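Asks:
Numbering (the numbering used here), first residue to last: 264 to 450.
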C-alpha cells in the first residue's frame, strides 16, 4: 500500500514530508481517550484536542474535560505503510477517516494551531459559576405568575434549570424554573 501525500489543494505531492501530515482517526463511541492511550503506547504520536466544561451531573456542577471533536483524534506516523494496519487494530479505534480509498490528512500547521488554542485558552465553560445560581441560594422569581416571590434553590436540573422551594400561601411548594426566570436577592 503506498502512502498518499496530498498537498494544500488536496492533490498528491511527492515532495511533502511524511512527518508534516496528520491522519484523522475515528474512534469508537466515547473511546477517544482509550484510543489515544493505545496509540501512544504503540509509539505513535496521537493528538486529542480537549476542552474543559462545567456540566451539571447528579444535581452538582462539575468541571469535566471532553474531546473538542467527539469521536475523532489525530495521529502522525513515521511510516504510514507499516503503521496503517496497527491503527486499524488498536483498541478504541474504529478506523482511519477516508475519502474513497485515500485517508483524510491534516497539515501540521493546522494541528499546531489547534494545540495552541487548547493550551492557551482558559477553560471553556457553558456556565460561569459566579453568575449562575447554586444550591441554597435565595432567589426572586422575576417572570410568570410567581413573579415577586422568594425561592430557595434545592436542586440543579441540567445546565439551564433548577428546582426551588417557594413559600406560597403558607406552604412550601416545589417548582422548576429556568435561570433566566430568577434573580439573586439579598433579602
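Every residue, glycine too, gets a C-beta built ideally from N, C-alpha and C. Quick caveat: nothing in here was measured; it's all calculated off a predicted structure.
1) What residue range does the alpha helix (DSSP H) around residue 344 cover?
2) Where do the N-terminal and C-terminal ends of the alpha helix (DSSP H) with residue 301 fall, by residue?
3) In whole angstroms, what separates the C-alpha of residue 340 from that of residue 359?
4) Report, in whole angstroms, the separation of the C-beta atoms of residue 285 and residue 337, which I expect to be a contact under 8 Å.
5) Can you have a look at residue 301 and say buried or exposed, based on whether 16 or more other CB atoms are within 10 angstroms of its CB?
6) Can you give the beta carbon distance from residue 419 to residue 324, rounded, assuming they're within the 8 Å contact cut?
7) Just confirm the distance between the C-beta atoms of residue 330 and residue 316, as a whole number of angstroms; I'd bet it's less than 8 Å.
8) For residue 448, name the three-state secondary structure that DSSP assigns.
Replies: If we stick to the structure as given:
1) What you label residue 344 is simply residue 81 of the chain shown in a count that begins at 1. 343-351 is the extent of the alpha helix (DSSP H) around residue 344.
2) The residue you call residue 301 lines up with position 38 of the chain shown. Residue 301 -> alpha helix (DSSP H) spans 295-304.
3) The residue given as residue 340 occupies position 77 in the chain shown. The residue given as residue 359 occupies position 96 in the chain shown. When rounded, the distance between both Cα atoms is 12 Å.
4) Counting from 1 along the chain shown, the entry for residue 285 is found at position 22. Counting from 1 along the chain shown, the entry for residue 337 is found at position 74. Confirmed, Cβ separation roughly 4 Å.
5) Mapped onto the chain shown, residue 301 falls at position 38. It is buried - the Cβ of residue 301 has at least 16 other Cβ atoms within 10 Å.
6) Mapped onto the chain shown, residue 419 falls at position 156. Mapped onto the chain shown, residue 324 falls at position 61. Sure, about 7 Å apart at Cβ, within 8 Å.
7) Here the question's residue 330 lines up with position 67 in the chain shown. Here the question's residue 316 lines up with position 53 in the chain shown. The Cβ separation is near 11 Å, so there is no contact.
8) Stepping through the chain shown from its first residue, residue 448 is reached at position 185. Reduced to three states, the DSSP call for residue 448 is coil.
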